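The structure under discussion appears below in the form of C-alpha cells.
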Amino acid sequence: MFEPQEKADFHMNDSVTEDSVAVDAKRILLRYGVPVAILGDIGEADRIELAREVSRTAVPDRGDRLKELLVEKGYLGPEVLEAPKRKKRRKKKK
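Numbering (our numbering), first residue to last: 41 to 134.
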C-alpha cells in the first residue's frame, strides 16, 4: 500500500523560501534605483522591508518613494531628494 510521506516533504524548506524572498527584494530595489554601492550596506531584513513598502506604491512613484525611504533610514543623504531629475535620452537612429 501507498504510505504518505511526511507533511514537511511537500513544502519548501523555510531557508529556501527566505532566500527567495531576499533575492526578490534585492531585484526590486535594484529595479527601482538603489545604487549598487549602497545595496551592500543594506541588511537583508531592511531590503525585504523596503521592497515590500515600494511594492505597495503606485508604479510611477516607486523610484521616488524608494529614495525617500533610503533617506529616512540613513542609507542616502537628503541631497539626493533635492537633486534634479535627469531626463533619459533616446538614441538617434543613423
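The C-beta atom is built at its ideal place from N, Cα and C for all residues, glycine as well.
Here the structure is a predicted model, which means the values were calculated and not measured.
Cut-off 7 Å between Cβ atoms - residues of its own chain near Glu93, not counting five sequence neighbours on either side: Leu109
Cβ-based neighbour list, Lys107, same chain, cut-off 8 Å, excluding 5 preceding and 5 following: Hits under 8 Å: Gly73, Leu116, Val120 and Leu121.
Inter-residue CB distance, Arg87 and Leu70 (contact presumed, cutoff 8 Å): Their Cβ separation, rounded to whole angstroms, is 10 Å, which puts Arg87 and Leu70 out of contact at 8 Å.
7 Å CB neighbourhood of Arg105 in its chain, flanking five on each side removed: Val94 and Thr97
Outcome for Ile82 when other beta-carbon atoms lying within 10 angstroms are tallied against a minimum of 16: If you draw a 10 Å sphere on the C-beta of Ile82, you find 16 or more other C-beta atoms in it, and that means buried.
Exposure label - Ala65; buried when at least 16 CB within 10 Å: buried
Lys107 - DSSP class collapsed to helix/strand/coil: helix
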